[in-house]
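Taken in order, these protein sequences are the chains called A and B. Heads up, the first sequence is in the numbering used here, so the first residue is -13 and it goes up one at a time. Heads up, the second sequence is in the numbering used here, so the first residue is 13 and it goes up one at a time. Cβ atoms here follow ideal geometry from the backbone N, Cα and C, with glycine treated the same way. Shown next, in structure tokens, is the structure this report addresses.
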Amino acid sequence: MKLQVSHSPHVRDKATTQSIMLDVIIALLPATFAGWYYFGIRAVLVTLVSVVSCLIFEYISRRVMKRNNTLYDLSAAVTGLLLAMNLPVTIPIYMVVIGACFAIVVVKQMFGGIGNNFVNPAIAARIFLVIAFPKAMTSWTIHSGAWYSFKSVDAVSSATPLTSLGASNEPSLWSLFIGDKAGCIGEVCILALLIGALYLMFRHVIRPWIPAAFIGTFFILVFFFGHTNVLHFTGDLTTSSGWEMLFHECLYMLLSGGLILGAFFMATDYVTSPLTVKGKLIFGAGCGILTFLIRYYGNMAEGVSFSILLMNILTPHIDEWTMGKPFGEVKENAKA
Amino acid sequence: MPLRSIHAFTGGVHPLGNKNTDVLPSIHLHGFREVELLMQQHIGPPCTCVVHPGDHVDVGTMVGRADKPMAVPVHSSISGTVKEVHYVVSANGAPVEAVRIESDLKHTISPFCRPPKVESFEDFIQMIRDSGLVGLGGAAFPTYIKLNPPKNKMPDTLIVNAAECEPYITADYRQICEHPDDIIDGILCVMKWLEIPTTIIGVEDNKPLVTRIFSHEIKKRVFKTGRHPDIEVRTLKTIYPQGAEKMLIYTLTGRKVPPGKLPIDVHTLVMNVSTLRFIGLYLKEGVPLTRKRMTLDGSALNTPGNFIVPIGARIQDIIEAAGGTREEPKKIIMGGAMMGVALDRIDHGIIKANNAILVFGSEETTLPPESPCIRCGRCVASCPMDLIPCGIDKATRLRDPQMLEKYHVMDCIECGCCTYACPSKRFLTQSIKNGKIMVRAERARIQQEQKLLAESEQKGGSSS
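The following block contains the structure:
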């Protein structure tokens, strides 16, 4: 009789790395479909190129490094999908491939593959593209041509909502919420993103700490230190329009740009965020503060990716600072 | 209605209960041809073997005498002839002296076994030691040591562990269903001699029957004696590891046992229901610990159930006597699915603390390959001791004792929650155990170094 000998425990939870990644992909699908709906068939092309090239680069780099094939854990597919969601629809296809190459080969595999990258590959690739091709990465469009048209000239160039706050062409909060605005493929439809985020929380893939701290901090900062902040507010709070004026900028800022996508799907990346609840709250708050500073005082319209990247780098230190005491330790110290 | 406990520890996991055998009455298994009694069935030094090949023994005859402190005697579980006294490899891999006894199938009980007379606390402790009792929940800590705390640390609360949070195991559950009166007798005896004012019985809320049985039994005592026995039943949240000593104390009393300390340091005594039942039974019958109720479960078995078997019976014989297997076992576990030991061979004799044998067939036997840690934090969230298992794992792999100490590796209770929860299927518990060995070696090395240093300084001082 041949008996298997292994260390306890002898029963395991059903969740695997693969099932978690599959959940993330499922959660991203509503926003992806919404992006396709708003930006037409070229958005489908950008998404597919991004995902497929990420998978190919993952396969090739694992082969070259003589390591086992990790396509099945689906992490490369998640990176590809997230990268595509962070790109404007008008981006030339070769740039998508370059971005995928940077994300997988440089950021992920050169540091040891899944679990060892110190920053989020999709965010690093997006920032790499923003710096390398600033023009292509910041020409936002509202797609107005036929949905089947591949040509980006059909699209009408438009300012991102972040730069048009207070301008005459400022979009309404509702259109920001459902995604009828200029922006990257995956970030426009807040409704779809929230559905995906709820799914992830329901499946216990992510916990609400990082998004809550991120969005909450950002909201409070805009509320107190935004352009129409509560400290210098002169409107009449006895009418509903006064309240609307007070909160308009906060909500506008939440719903535009990549904040929701970043807070729920990028900042919560396991590998590059802290382990403990306390650490997660600090991480989220740091992201919120940096996003506020970059959006209001930086020379770039969008600050979400930079803030997440910077906090990613701080993650090992946050983990160090927030390492708690074991069960029972506190009481002993209190007695002594 | 029993009170619900208000405290809750953080962490824990929810493995499938698999309490398939909880409605099946326990069955006595007889007719074992031979038993193999280990001379060390407890935490502490081994016993001295006092029988020789050819000697005749009865049920309850002492075969291992406890000479050293912390040792607990071992008694024969069958009547028959001693065949061999030799060294065997125990289930956890250590060599230990063992006595092989061939049965005469008569099951004669030793004439020296009679109900003990207890007149003082010293009598009580001697009685517990003579009975061969160890903690039957699985830890096998000598009960007579536990019941004899230093005088400045007398317990004010007795906690009865009826949580039984391990999957599959229902031996305690059946014990409670079948012998609640003995359990209460045992509790009252311990309360009397240790002058403990209150007792709390902790029961997981997925076992409402147990709560009812205890409440009923306590009511019966009230009618019989006219006063309440100061025993209270409280329900606990069903979560693994609810039955772990430190977790149980915290949930029931709000007291936290500091790392490296014992429950008695927070004036609490925790005892398993089966241990207490044995005390109750021993007071009546006087037969030492020679039989053990255990759960046999797993998909490879024909008839899972609870069985009362003589200590020392070989696992293969028990499986055979309990109905045999319907497929070739792929994995045999001594103990529960979360903390048990997987066996490499099945001719081990069972020891006092064993409470289950799980015989897994191919459907339950899986060993998924390890993949890299994705830092999802599930191990951190599931750790009841608030440790960072993935960090300890990393430190172990780096062979870095300083880093291991920084992560408080020695505080791990090895409950297995982290490994259960890990989506990358990493052997975190195993890694942590290895880490503990590294830390112990490092501490010993430092101690040795300091000793040598002190010696050389002394020498240097004398020569100059």
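Between D194 of chain B and I121 of chain B, the gap from beta carbon to beta carbon reaches 9 Å or more. Exclusion of the five residues before and after D79 of chain B leaves T60 as the residues of its chain whose Cβ lies within less than 7 Å of its Cβ.
Closest by C-alpha distance to N54 of chain A, out of A:Y45, A:L60 and A:A89, is A:Y45. In this structure, the straight-line span from the alpha carbon of I199 of chain B to that of G292 of chain B is close to 8 Å. Per DSSP, the unbroken beta strand (DSSP E) holding G76 of chain B starts and ends at M74 to R77. By the criterion of at least three beta-carbon pairs nearer than 8 Å, the segment 314 to 330 of chain B is in contact with the segment 80 to 93 of chain B. If you look at N215 of chain A, you'll find it isn't in any beta strand (DSSP E); DSSP assigns it neither H nor E. In the DSSP assignment, the residues bridged to I171 of chain B are B:I212 and B:V282.
Its Cα nearest to that of Y256 of chain A, the residue B:S436 stands out among B:R409, B:S436 and B:H119. Sixteen is the threshold: when 16 or more other Cβ atoms of the shown chains lie within 10 Å of the Cβ of N367 of chain B, as they do, the residue is buried.
Identification of chain B residues near H(-7) of chain A by a Cβ-Cβ cut-off of 7 Å yields F439, T441 and Q442, ordered along the chain.
In the structure shown, the three-state DSSP call for S374 of chain B is coil. The residue from B:S383, B:T307 and B:G272 with its alpha-carbon nearest to that of E315 of chain A is B:G272. Residue state for H240 of chain B is assigned as coil, using DSSP reduced to three classes. Listed in chain order, the non-local C-beta contacts of C430 of chain B below 7 Å within the same chain comprise C391, S394, C395, P401, L440 and T441, local neighbours out to five positions each way being set aside. For V94 of chain B, the uninterrupted beta strand (DSSP E) run begins and ends at G92 to V101, by DSSP. Below the 8 Å Cβ cutoff, chain B contributes I386, C388 and P435 as neighbours of I6 of chain A, in chain order. Rounded to the nearest whole angstrom, the CA to CA distance from L261 of chain A to L186 of chain A is 17 Å. Under DSSP, T60 of chain B shares a beta bridge with B:R77. Excluding residues up to 5 positions away in sequence, T182 lie with their Cβ nearer than 6 Å to the Cβ of K31 of chain B in the same chain. Unbroken alpha helix (DSSP H) runs of no fewer than 4 residues, entirely contained in the segment 117 to 188 of chain B, are found at 133 to 142 and 155 to 158, following chain order. Of the residues A:V50, A:F104 and A:A122, the one whose Cα lies closest to the Cα of G85 of chain A is A:A122. Between S(-8) of chain A and K343 of chain B, the CB-CB gap stays under 9 Å. I331 of chain B is positioned such that its CB atom lies closer than 9 Å to that of V371 of chain B.
For P194 of chain A, there is no enclosing beta strand (DSSP E), as DSSP marks it with neither H nor E.
The DSSP-derived three-state label of A256 of chain B is coil.
In the structure shown, the three-state DSSP call for H54 of chain B is coil. In the DSSP assignment, the residues bridged to P107 of chain B are B:V101. For E315 of chain A, the chain B residues whose C-beta falls within less than 9 Å of its own C-beta are K268, P270, P271, D398, H420 and D423, listed in chain order. Residues of the segment 334 to 361 of chain B with a Cβ closer than 9 Å to any Cβ of chain A, in chain order: E340, P341, K342, K343, I344, I345, G347, G348, A349, M350, M351, G352, V353, A354, L355, D356, R357 and I358.
Annotated as proximal: S259 of chain A and R387 of chain B, with beta-carbon spacing under 9 Å. Interface residue (Cβ-Cβ distance to chain B less than 9 Å): Q95 of chain A is not classified as such. Each of B:G24, B:I18, B:K418 and B:I39 was checked against the Cα of A333 of chain B, and the nearest Cα belongs to B:I39. With a minimum length of 4 residues, the unbroken runs of alpha helix (DSSP H) contained wholly in the segment 323 to 401 of chain B fall at 327 to 333 and 390 to 394. In the structure shown, the three-state DSSP call for E417 of chain B is helix. A Cβ-Cβ distance of about 6 Å is found for the pair L247 of chain A and L179 of chain A, placing them in contact under the 8 Å criterion.
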